[in-house]
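Participant: Before anything else, here's the structure in question.
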Amino acid sequence: MSESEVLERLDETVAAWDNGFGIWPQMTTSDRIAKIELVVEKLLEKRQVMIDVLMLEIGKNYVDAASEIDRTITFIRQSITLLKSSTPQKKTYGTTITYTSLLPIGIILSLGPSNYPLNETYAMILPALLTGNTVIMKIPAVGGLVHLLTIDIFNSILPKGTLSFISGGGRVTCPPIMLTGKIDGLAFIGSSKAADSLIKTHPEPHRLKVFSQLEAKNMGIFFADGIEEGLNEAVKGSFSYNGQRCTALKILWVPRGGREVFERLFKEKVEGLKVGLPWDGMDVNEPSDITPLPPGRVEYMKELIDDAQSKGANIYGGEIVGGSESRLMKPAVVFGVEEEMRLWEEEQFGPIAVVKYYEDLEEVLEYGKVGKYAQQVRKCLTIFKLLSSLSNSNTARFDHCSGFDFHERG
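For the record, in the sequence shown the residue sitting at position 301 is 301 according to UniProt numbering, with numbers rising by one throughout.
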């Protein structure tokens with residue numbers, strides 16, 4: 001879409017909001033819920049074709065593709081149930097009486113990811129819609145086809161402009177929208193660099209409400225007495241959906257004394273992963289563990305592997321399957337990553353398991369403390385220190401920590 005076409009869609013969304021006096025924001029909560037429930041019914045009618053599209057476009061195996069659709073429907077229904085039970089809260093503090101209720105904030109610009117294009121995007125926009133906001137959604141360049149199946153559903157049920165769709169390059173479509181100053185909230189999943197750049201284009205960033213889910217370098221930590229017990233979790237955490245998950249294990253910390261045992265057993269587990277196409281094994285319910293990657297990802301994986309190998313790491317696997325132009329690669333393991341390697345800090349977001357050997361748990365704690373992606377790190381590391389003191393603890397895993405508790409997604 002051109003800049004003028006994108007701004008036309010924005011105008012429709014602005015008109016639907018109408019400073020909070022539009023049809024959708026003024027609709028009762030029960031009426032909005034009824035509309036979204038109709039959307040759910042129509043989405044279920046397209047369940048199988050959406051599964052097929054996820055397999056064909058983003059290489060998700062059929063089990064994971066079906067799970068994404070079903071989890072999305074479950075999430076919407078749970079959101080509706082929660083909203084139905086949410087009533088205005090009245091509290092008294094001395095002579096002061098407060099009333100708290102859910103109200104819309106305005107016009108939301110949403111940018112979802114390519115790895116979970118339906119689930120993650122709907123997890124952002126559906127609560128916003130249910131509470132009366134209007135949304136303009138940027139369809140991802142990869143993973144966008146599933147949204148093309150849903151546009152007519154939303155347009156036929158919701159008032160015009162309540163949910164508008166735009167497509168095209170992010171640098172072309174989104175900055176002009178932000179520059180208008182008409183966006184009240186940004187719902188963004190992607191890289192911190194892209195998020196920072198987009199936020200800065202808003203003329204009044206101090207009033208922009210931001211919900212962002214960015215890159216991570218989640219740690220999987222083995223304790224000395226639990227090498228074998230943690231292997232299955234480490235392999236699953238590293239390679240589920242090719243490692244293309246925000247909550248994937250991005251770096252495994254292994255006691256140096258257990259190096260020989262770990263490498264031997266971990267290689268055996270990785271060798272057992274099935275590499276193939278998304279629909280392979282459908283008839284016997286044995287899906288591929290590793291499937292083709294999006295354009296450009298194989299090249300990036302090779303860059304990271306070559307960098308680590310040139311600086312002393314040992315590499316296992318990572319071969320390309322099907323010729324030099326193929327986007328299907330065997331899972332790789334980088335043993336002995338060090339601080340000077342790109343994989344020490346860069347999020348691989350692909351089928352590479354990164355292994356760091358440590359002598360003392362303080363090394364692990366220090367990585368968590370100084371890592372640029374740490375969130376609520378004090379709480380995470382306090383819990384880790386507690387776990388490491390328990391004799392029956394074999395492994396620990398830390399994903400994002402946000403709010404008041406651990407938050408896992410993907």
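Ideal Cβ placement from N, Cα and C applies to all residues, glycine included. Small disclaimer: the values here were computed from a predicted structure and weren't measured.
1. Within the continuous alpha helix (DSSP H) that includes L129, where are the two ends?
2. Is it true that the CB of G220 sits closer than 8 Å to the CB of L265?
3. Taking C-beta to C-beta, are I189 and P113 nearer than 8 Å?
4. Decide if the segment 126-136 is in contact with the segment 27-35; the criterion is three or more beta carbon pairs, one per stretch, under 8 Å apart.
5. Measuring CB to CB, does S244 end up less than 8 Å from F349?
6. According to the Cβ coordinates, are E338 and K302 closer than 8 Å?
7. Give the straight-line distance between the Cα atoms of S324 and V298, rounded to the nearest whole angstrom.
8. Just list the residues that DSSP pairs Y357 with in beta bridges.
9. Give a yes or no on whether the C-beta atoms belonging to I105 and K182 are separated by under 8 Å.
10. Taking C-beta to C-beta, are T247 and N218 nearer than 8 Å?
11. What's the C-alpha gap between Y62 and D18?
12. Excluding the 5 residues preceding and the 5 following P140 in the sequence, name in chain order all residues of the same chain whose CB lies nearer than 7 Å to its CB.
13. Between L293 and N232, is the Cβ-Cβ spacing less than 8 Å?
14. Here's the rule I'm using: 16 or more other beta-carbon atoms within 10 Å means buried, otherwise exposed. How should A15 be labelled?
15. For K42 and P278, I'd like the C-alpha separation in whole angstroms.
16. Which residue from P295, K193 and E345 puts its Cα closest to that of V370?
17. On the DSSP bridge assignment, give the partners of A213 in chain order.
18. The alpha helix (DSSP H) with V39 in it runs from where to where?
Facilitator: Looking at the atomic coordinates:
1. On the sequence shown, residue 129 is found 129 positions in, with the first residue counted as 1. Run containing L129: N119 to L130, per the alpha helix (DSSP H) assignment.
2. The sequence position of residue 265 within the sequence shown is 265, counting from 1. The sequence position of residue 220 within the sequence shown is 220, counting from 1. Not closer than 8 Å, so no.
3. The count along the sequence shown starts at 1 and reaches residue 189 at position 189. The count along the sequence shown starts at 1 and reaches residue 113 at position 113. With respect to P113, I189 sits close: the two C-beta atoms are nearer than 8 Å.
4. Cβ pair count under 8 Å is three or more, so yes.
5. Here residue 244 is taken as the residue at index 244 of the sequence shown, counted from 1. Here residue 349 is taken as the residue at index 349 of the sequence shown, counted from 1. What sits at residue 244 in the sequence shown is Gln, not Ser. Remark: C-beta atoms of Q244 and F349 approach each other more closely than 8 Å.
6. Within the sequence shown, residue 338 is the residue found at index 338, counting from 1. Within the sequence shown, residue 302 is the residue found at index 302, counting from 1. Against a cut-off of 8 Å, the Cβ pair of K302 and E338 comes out as no contact.
7. As a working note, residue 324 is residue 324 in the sequence shown. As a working note, residue 298 is residue 298 in the sequence shown. Using only the alpha carbons, I get a separation of about 10 Å.
8. Along the sequence shown, one-based indexing puts residue 357 at 357. Checking the DSSP bridge columns, you'll see Y357 partnered with V254.
9. On the sequence shown, position 105 is the one that residue 105 refers to. On the sequence shown, position 182 is the one that residue 182 refers to. At a Cβ-Cβ threshold of 8 Å, I105 and K182 do not count as neighbours.
10. Position 247 of the sequence shown, counting from 1, holds the residue named residue 247. Position 218 of the sequence shown, counting from 1, holds the residue named residue 218. Cβ atoms of T247 and N218: closer than 8 Å.
11. What you label residue 62 is simply residue 62 of the sequence shown in a count that begins at 1. What you label residue 18 is simply residue 18 of the sequence shown in a count that begins at 1. Taking the straight line from one Cα to the other gives about 42 Å.
12. Taking the sequence shown and counting its residues from 1, the one referred to as residue 140 is at position 140. Scanning its chain for C-beta atoms nearer than 7 Å, with the 5 sequence neighbours on each side dropped, one finds around P140 the residues G112, P113, S114 and P117, in chain order.
13. Numbered from its first residue, the sequence shown carries residue 293 at position 293. Numbered from its first residue, the sequence shown carries residue 232 at position 232. Their beta carbons are not under 8 Å apart, which means L293 does not touch N232 by this criterion.
14. Here residue 15 refers to the residue found at position 15 of the sequence shown. Classification of A15: exposed, given that the 10 Å Cβ count is below 16.
15. The residue you call residue 42 lines up with position 42 of the sequence shown. The residue you call residue 278 lines up with position 278 of the sequence shown. Spanning the two alpha carbons is a distance of roughly 25 Å.
16. Numbered from 1 along the sequence shown, position 370 holds the residue referred to as residue 370. Per the C-alpha coordinates, the member of P295, K193 and E345 positioned closest to V370 is E345.
17. Along the sequence shown, one-based indexing puts residue 213 at 213. Inspection of the sequence shows that residue 213 is occupied by Gln rather than by Ala. In DSSP, Q213 forms a bridge with I189.
18. To locate residue 39, count along the sequence shown from 1; it is residue 39. For V39, the uninterrupted alpha helix (DSSP H) run begins and ends at T29 to E45, by DSSP.
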